[in-house]
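First comes the structure, then the notes that go with it.
There are 2 protein chains.
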Amino acid sequence: MDNRQRLLDCALDLFSRYGYDAVSVREVVEYAGVTKPTLYHYFDSKRGLLDALLKREAGRLLTEVLVAARYQGDLVATLESIARAYFAFAQAHPACYRMQLGMYFSAPESEANQAIRPFTNQQREILEGVFIQAAEDQGNLRTRHARYAAGLLGTINAMIGLHFNDGLVLGEEPIYLTVHQFMYGIFS
Amino acid sequence: MDNRQRLLDCALDLFSRYGYDAVSVREVVEYAGVTKPTLYHYFDSKRGLLDALLKREAGRLLTEVLVAARYQGDLVATLESIARAYFAFAQAHPACYRMQLGMYFSAPESEANQAIRPFTNQQREILEGVFIQAAEDQGNLRTRHARYAAGLLGTINAMIGLHFNDGLVLGEEPIYLTVHQFMYGIFS
DNA sequence: TCCATACTATACCGACCGGTATATTTTGTC
DNA sequence: GACAAAATATACCGGTCGGTATAGTATGGA
């Protein structure tokens, strides 16, 4: 009965499958079983719908990553915690993660990319913060936190891609392998 | 004077900046200084324009990666050669690589994703082939070639992302660091 | 019971979409 | 220079786009 939530659910499903630009507001409201004025009652525009959707969906991921990324002196354990959070989220909410991934890599001047940028920036800061804090304990990785954060997230997303496309189950083993390869290399 | 090439150039520029779906054929032809029938003389449709563009642009990347990925008994050297090829291409043709990256991560039922899938599949086969061949020499990494190929490409793309967004210069040092971290871990 | 507010539907807007029928110009060949 | 073919322009098509003016209905408080 909550048409606002229903509209967000339907928008998520359609955006994740076809992309924000390729989906019209007509398709969203028909899929949701309502009419356009209902959508425009809750959201000012198509872009407003997207912003509200990201606030709900990307916000969830962000808080889970934020919790998982609290550094407690053990870099390996922290990175495993982060990988676990990403993998769990991607498995629990595949459409949501697909959409965010697609928007992250979408064209830099597209609405979708601009809408998701605040959220990806926060993710980036969280991950870099882990390596900056770890650098206080272990030397060596100073000034490289940006590369490490980007590299880790790139590897995590690569594994999530294998999960989406090839059905790789993202249990404890991939978490262990991902982090240990990152820390100790391919032969670890 | 070659309007066909000019149309492809303009389409690449616009697609890479705004995304395939957000760019209209009107915008392409106006940017190119021609009219629509000229575009439809060379390409059957907007999708045909995209296919021709990918054949030209993604084909270039593919052949360069194919050459770089010839395994010659030294896995580290081969991976460095691959990273060098990707980095060089991304730096020499940023709009082209941006567009391909965006389409690779675009929604699975979008035209853009379907159009680029053959090319990404070939890249994947090339990279997996390297690890499969290397597995004949070194044990250990058998049956994990898919994860290694995905992980390596994920890391490479992460570095290219830092190049695009933060101006990281992709010279020999990032090549060395990327591959050695992949092979031997973060402290190598 | 009255009223304000939140919500939803019908019907419509101008602009733009991808694509084309037709006509004209350029170009290479003999 | 005649002529066919390739290339380009004008003008237009039906359909869909994001968005809205207007009106009606449901709902909860006084």
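Chains A and B, in that order, are what the protein sequence lines are. Start counting the first sequence at 1; every next residue gets the next number (the numbering used here). Start counting the second sequence at 1001; every next residue gets the next number (the numbering used here). Note that the Cβ used here is the ideal one computed from N, Cα and C, for glycine as well. This structure is a prediction, so every number in the text was calculated from the model and none was measured.
Nearest CB-CB separation between B/I1186 and chain A: below the 7 Å threshold. Put simply, the backbone Cα of B/R1060 is about 15 Å away from that of B/R1084. Closest in C-alpha terms to A/A112, from the list A/R70, A/F164, A/L54, comes A/L54. Using beta-carbon distances, B/A1092 does not count as an interface residue toward chain A, since no partner is under 7 Å.
By the CB criterion at 7 Å, A/S106 and B/G1102 fall inside the cutoff. Per DSSP, the continuous alpha helix (DSSP H) segment holding B/Q1005 begins and ends at 1003-1018. Burial is judged here by how many other beta carbons sit within 10 angstroms of a residue's own beta carbon; A/V65 has at least 16 and is buried. Taken atom to atom, the span from the alpha-carbon of B/C1096 to that of A/D2 is near 44 Å.
Here B/R1070 carries a coil assignment [DSSP, helix/strand/coil].
Distances from the CA of A/L127 to each of A/L170, A/A150, A/D74, A/L49 were compared; the closest alpha carbon is that of A/A150. Cβ-Cβ distances below 6 Å link A/M159 to P174, T178 in the same chain, with the five nearest sequence neighbours on each side left out; the list follows chain order. Nearest to B/I1132 by alpha-carbon distance, out of B/Q1123, B/H1145, B/A1088, is B/H1145. Look at the beta carbons and you see the region 71-85 of chain A not touching the region 161-168 of chain A: under three pairs across the two are nearer than 8 Å. Collapsing the DSSP output to three states places A/A107 in coil. In this structure, the straight-line span from the alpha carbon of B/E1172 to that of B/Q1181 is close to 14 Å.
Listed along chain B, the residues sitting closer than 8 Å to A/S106 by beta-carbon distance are G1019, G1102, F1105, S1106. Look at A/I186 here: in three-state DSSP terms it is coil, with no helix or strand label. When C-beta distances to chain B are compared with 8 Å, every residue of the region 73-87 of chain A stays at or above that value.
Using a Cβ-Cβ cut-off of 7 Å, A/N157 counts as an interface residue toward chain B, since at least one Cβ of chain B sits closer than that to its own. Under the Cβ distance rule, B/A1115 does not count among the residues neighbouring chain A, no pair being separated by less than 7 Å. Residue contact check for A/S45 against chain B: no CB pair falls below 7 Å. The beta carbons of A/Y42 and A/R4 sit about 5 Å from each other, so the pair counts as a contact at 8 Å. Beyond the five residues adjoining it in sequence on each side, A/S45 comes within less than 7 Å, by CB distance, of no other residue in the same chain.
Between A/V130 and A/T63, the C-beta spacing is not below 7 Å. Taken through DSSP and simplified to helix, strand or coil, B/D1051 comes out as helix.
Note on B/R1098: 16 or more other CB atoms within 10 angstroms of its CB, so buried under the neighbour-count rule. For the C-beta of B/Y1148, the chain A residues within less than 9 Å are, from N- to C-terminus, Q181, I186.
The DSSP-derived three-state label of A/L170 is coil. Of A/A92, A/Q91, A/L153, A/Y20, the smallest CA-CA separation from A/I116 is found for A/Y20.
A straight line joining the alpha-carbon of B/V1034 with that of A/E109 spans about 24 Å.
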